[in-house]
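A short write-up of the structure that comes next.
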Amino acid sequence: MSDRTARTVSIAESAKHEAPRRVIEWARGDNIPSGATGVVSIDLAQIRANWRALAKRVAPAGCAAVVKADAYGLGAARVIPALYQAGCRNFFVATLAEAKSALAFAPGATVYVLDGILPGSAAELAAMSARPVITSIEEAQAWAAVAGREGSSSAALALHVDTGLNRLGMDEAELDGLLADVALVNQLDIALVMSHLACADDAAHQMNREQLGTFRRLSGKLPKARASLAASDGLMLGKDFHFDLVRPGYAIYGGQATSQRICPVEPVVRVSARILQVHDIPAGARIGYSASYRAATPRRIATIAAGYADGVFRHASAPDGEVGGAVYMRGKLAPIVGRVSMDLITVDITVVGGPAPERGEFVDLVGPYLPLETVGHNAHSIGYEVLTRLGTRFHRHYIDRGD
Numbered sequence: 003m004s005d006r007t008a009r010t011v012s013i014a015e016s017a018k019h020e021a022p023r024r025v026i027e028w029a030r031g032d033n034i035p036s037g038a039t040g041v042v043s044i045d046l047a048q049i050r051a052n053w054r055a056l057a058k059r060v061a062p063a064g065c066a067a068v069v070k071a072d073a074y075g076l077g078a079a080r081v082i083p084a085l086y087q088a089g090c091r092n093f094f095v096a097t098l099a100e101a102k103s104a105l106a107f108a109p110g111a112t113v114y115v116l117d118g119i120l121p122g123s124a125a126e127l128a129a130m131s132a133r134p135v136i137t138s139i140e141e142a143q144a145w146a147a148v149a150g151r152e153g154s155s156s157a158a159l160a161l162h163v164d165t166g167l168n169r170l171g172m173d174e175a176e177l178d179g180l181l182a183d184v185a186l187v188n189q190l191d192i193a194l195v196m197s198h199l200a201c202a203d204d205a206a207h208q209m210n211r212e213q214l215g216t217f218r219r220l221s222g223k224l225p226k227a228r229a230s231l232a233a234s235d236g237l238m239l240g241k242d243f244h245f246d247l248v249r250p251g252y253a254i255y256g257g258q259a260t261s262q263r264i265c266p267v268e269p270v271v272r273v274s275a276r277i278l279q280v281h282d283i284p285a286g287a288r289i290g291y292s293a294s295y296r297a298a299t300p301r302r303i304a305t306i307a308a309g310y311a312d313g314v315f316r317h318a319s320a321p322d323g324e325v326g327g328a329v330y331m332r333g334k335l336a337p338i339v340g341r342v343s344m345d346l347i348t349v350d351i352t353v354v355g356g357p358a359p360e361r362g363e364f365v366d367l368v369g370p371y372l373p374l375e376t377v378g379h380n381a382h383s384i385g386y387e388v389l390t391r392l393g394t395r396f397h398r399h400y401i402d403r404g405d
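Here the sequence shown stands for residues 3 to 405, where the numbers follow our numbering.
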């Protein structure tokens with residue numbers, strides 16, 4: 003058995019026996035269309051509760067919400083108003099188009115655009131009162147050229163400094179070059195200086211303290227600006243990392259970025275799909291594309307109406323001798339066997355026992371016994387990708403039964 007197989011079995015067994023933190027309930031009478039092959043259930047009240055729990059955790063620092071990528075795949079049009087209702091007034095998005103949507107859903111809120119100012123976009127950003135997160139002197143010059151036209155003197159922005167991730171941001175030499183241009187800096191309202199941690203999911207990693215020290219030094223060169231370093235996992239490293247504003251995303255949606263420090267949040271999403279067919283196969287029968295799986299003994303197989311078009315990872319496939327993904331039904335984890343295809347997966351439900359499930363019965367792809375982290379791990383990925391890859395074919399069912 004490979005190391006990967008051993009880890010997957012261990013996690014699957016853990017998920018099977020561990021009591022669920024919370025079950026997102028929905029009933030057949032909750033306006034689920036009869037023709038829906040699957041349902042993505044999203045609990046808006048829990049999203050609000052999660053944000054409030056994180057805000058309480060980091061107080062007196064402020065708590066923003068990262069709502070890029072359509073609120074991590076859960077629907078910005080419903081999630082942003084819920085967060086606004088909870089009291090959130092600072093939002094982070096990736097693109098100009100996302101900023102337009104966020105401002106429409108949360109009027110008067112402060113919206114930061116993480117991708118900054120693309121060539122030719124400065125005027126549009128300034129006109130909508132979004133705040134770009136700039137990473138270069140060229141962006142600063144573009145902003146200075148248009149921002150004053152839109153406000154009384156200048157429009158606010160954020161400055162991203164690189165502290166070791168080496169992805170986006172000004173290094174110290176670039177920052178010093180910007181600050182040396184006093185005339186340019188005087189045209190800018192630098193409201194926030196921020197950076198991003200590389201290894202916050204590992205509390206013991208030395209880079210956390212290294213980046214913290216670098217950020218303190220660089221942000222100290224802009225003493226009038228608010229400072230922000232931590233995202234979902236970073237905020238759990240302690241108050242030293244909180245500064246003036248934290249930027250959780252994944253944790254708001256119930257994700258646990260690391261098992262070392264459990265965030266005070268609960269799941270908000272459950273993904274379920276219907277069984278299309280159940281049949282018994284003899285020993286030696288092969289299943290799926292490329293006949294990659296061969297049944298060693300007689301098995302009972304359920305075909306589920308979900309595939310990689312719906313966000314089920316192809317890497318969750320399980321050819322002979324390997325362990326991949328699973329579904330949860332009738333109190334049991336049932337493994338995927340064979341290839342994940344565009345619209346279908348095949349699942350070995352022999353372990354479920356009892357009468358064969360009926361056509362149309364639902365199984366969980368993500369749920370209390372299959373959390374985001376387990377689903378991601380079993381497909382060589384992470385829970386973040388599980389959320390953001392959810393397809394559009396499943397019915398979206400929003401639950402909001404108050405706080």
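From the three backbone atoms N, C-alpha and C, an ideal C-beta is built for every residue, glycine too.
C-alpha of Thr-305 to C-alpha of Leu-389: approximately 23 Å in a straight line. For Thr-112, the enclosing beta strand (DSSP E) stretches over residues 112-115.
Within its own chain, the residues whose Cβ lies closer than 7 Å to the Cβ of Leu-177, once the five positions on either side in sequence are excluded, are Val-163, Leu-220 and Lys-223, listed in chain order.
Boundaries of the alpha helix (DSSP H) around Gln-87: 78-88. Per DSSP, Leu-367 has no beta-bridge partner at all. For Asp-235, there is no enclosing alpha helix (DSSP H), as DSSP marks it with neither H nor E. Judged by their CB atoms, Val-280 and Arg-302 are nearer to each other than the 9 Å cut-off. Ranked by Cα distance from Gln-258, the first of Glu-100, Ala-111, Ile-136 and His-379 is His-379. With at least 16 other beta carbons inside 10 angstroms of its own, Gln-48 counts as buried. Assignment of Ala-200 by DSSP, reduced to helix, strand and coil, places it in the coil class. The closest CA to that of Pro-109, considering only Glu-324, Tyr-310 and Tyr-86, is found on Tyr-86. If you look at Gly-179, you'll find it in the alpha helix (DSSP H) that goes 174-182. Counted as a single uninterrupted DSSP element, the beta strand (DSSP E) harbouring Met-331 occupies residues 328-331. As far as DSSP is concerned, Phe-245 takes part in no beta bridge. Below 8 Å, enough C-beta pairs join the stretch 54-67 and the stretch 261-277 to call them touching: three or more. With respect to Val-135, Leu-98 sits apart: the two C-beta atoms are not nearer than 9 Å.
If the five residues before and after Tyr-114 are omitted, its C-beta is found closer than 6 Å to the C-beta atoms of Phe-94, Arg-133, Val-135 and Ala-160, all from its own chain and listed in chain order. One alpha carbon belongs to Ala-328, the other to Val-377, and they sit about 8 Å apart. Judged by DSSP secondary structure, Gly-378 falls within the alpha helix (DSSP H) whose first and last residues are 374-379. Nearest neighbour of Ala-232 by Cα position, chosen from Leu-199, Thr-216 and Lys-226, turns out to be Leu-199. Two segments are said to touch when three or more pairs of C-beta atoms, one from each, lie closer than 8 Å; by this definition the stretch 331-338 touches the stretch 346-356.
For Ser-36, the secondary structure class from DSSP, reduced to helix, strand or coil, is coil. Going by beta carbons, Ile-44 and Gly-77 fall inside the 9 Å limit. Here the alpha carbon of Asp-282 sits roughly 14 Å from the alpha carbon of Arg-361.
In this structure, the CA atom of Ala-307 is about 11 Å from the CA atom of Gly-37. Looking at Thr-112, Ala-229 and Glu-174, the one whose alpha-carbon comes closest to that of Ala-158 is Thr-112. By DSSP's assignment, Thr-305 forms a beta bridge with Gln-279 and Thr-348. By the CB criterion at 9 Å, Leu-372 and Asp-366 fall inside the cutoff. With distances taken between CA atoms, His-317 lies nearest to Glu-387 out of Trp-145, Glu-387 and Arg-228. A direct Cα-to-Cα measurement between Val-314 and Asp-322 gives close to 19 Å.
The three-state secondary structure of Arg-59, taken from DSSP, is helix. The secondary-structure analysis by DSSP pairs His-207 with nothing; it has no beta-bridge partner.
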